[in-house]
Structure formats: C-alpha cells, structure tokens
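S.K.: First residue of the sequence shown? That's 18 in the working numbering, and the numbers climb one at a time after it.
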Amino acid sequence: MGVDITSQDIDIAHRVPSRNPAYHKPIICKFTRRCMKEQIMIHRQDASKIEPTVLGLPSDASILNARVYDHLTPKVQKLLMEAKKFQQQYAYNSAGLRTQPSICEKLKIHAQ
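(1) If we call anything under 8 Å between Cβ atoms a contact, is D87 one with G19?
(2) How many whole angstroms separate the CB atoms of T49 and D21, which I take to be in contact at a CB cut-off of 8 Å?
(3) Whole-angstrom Cβ separation of K42 and R32, contact assumed at under 8 Å?
(4) In chain order, what residues of the same chain have a beta carbon less than 6 Å from the beta carbon of T70, not counting five sequence neighbours either side?
(5) Whose C-beta lies closer than 8 Å to the C-beta of P34 among residues of the same chain, with five residues either side of it excluded?
(6) Please go through the same chain and pick out, in chain order, the residues whose beta-carbon is closer than 8 Å to the beta-carbon of Q56, but skip the five residues on each side of it.
(7) Based on the DSSP secondary-structure assignment, which residues constitute the bridge partners of R32?
(8) Expressed to the nearest angstrom, what Euclidean distance is found between the alpha-carbon atoms of R36 and A100?
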C-alpha cells in the first residue's frame, strides 16, 4: 500500500460482526499515532492492489473488495445523529452558520 506499519503502530485490532452473515467480518483498527492513520488514509485507494501473499493469504485469495474507511467514533456518531435530528426538527439551514449560533450550541441550550 505504500505505508510501512509495525506492531507498535497499532493499539488494538479486532473483527466485528457483519450485518450480513454472507460477508466477511470487518476489521477495526486503532492506531497509536495520528500521523500513521493519516498516512493510511492517504493511500487507502491502494488497499485492493496489495498481493495476498504479502498479507499471509494464499496466492489465489481475492482482496479486490478490500476497503479502508475512516469512521466516526461512537460518541461523535451520536453527536452527528443529534445534530441531524435537530436540523430536521427545527428546519435548520446550515447556510447561515456565520450569523447564527451553531447546531452544537443550540443542542447545548435545548439539552439543559
């Protein structure tokens, strides 16, 4: 992929259940350093170009569907979900962000 990763670069990695049992279980990986994660994200388009044997897989294994995503943490996902609910509930238009209080500020006000 163009990025050298060592075991010291990964804090934890594990598989999570897939929503569809027919698919492979995704692998979740937490990096110890932000700069390593950023390097991975820069080269993520090359994930399916890696030779399977480099990963310890048989040479006939297919990794054409390998993808690398940068997902939000559960806490940020919840905040985003609340912001979207607020936007729909109050017909909030993000075009006026410079003159109006932000959605997060309004969420704090309504949460009190």
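All C-beta atoms in this analysis are idealised placements derived from N, C-alpha and C, irrespective of residue type, glycine included.
M.R.: Reading it off the structure:
(1) The residue labelled residue 87 in the question sits at position 70 within the sequence shown. The residue labelled residue 19 in the question sits at position 2 within the sequence shown. Contact: no.
(2) Taking the first residue of the sequence shown as position 1, residue 49 is located at position 32. Taking the first residue of the sequence shown as position 1, residue 21 is located at position 4. At roughly 14 Å, the Cβ-Cβ gap does not stay under 8 Å, so T49 and D21 are not in contact.
(3) Taking the sequence shown and counting its residues from 1, the one referred to as residue 42 is at position 25. Taking the sequence shown and counting its residues from 1, the one referred to as residue 32 is at position 15. Indeed, because the Cβ distance is near 4 Å, the residues count as touching under 8 Å.
(4) Position 53 of the sequence shown, counted from the start, is the residue given in the question as residue 70. Excluding residues within five positions, the ones whose Cβ falls inside 6 Å are S76.
(5) Numbered from its first residue, the sequence shown carries residue 34 at position 17. The residues are K42.
(6) Taking the sequence shown and counting its residues from 1, one reaches residue 56 at position 39. V20, listed in sequence order.
(7) Working through the sequence shown from its first residue, we reach residue 32 at position 15. Answer is I44, bridged to R32.
(8) One-based indexing of the sequence shown puts residue 36 at position 19. One-based indexing of the sequence shown puts residue 100 at position 83. Looking at the two C-alpha atoms, the distance is approximately 25 Å.
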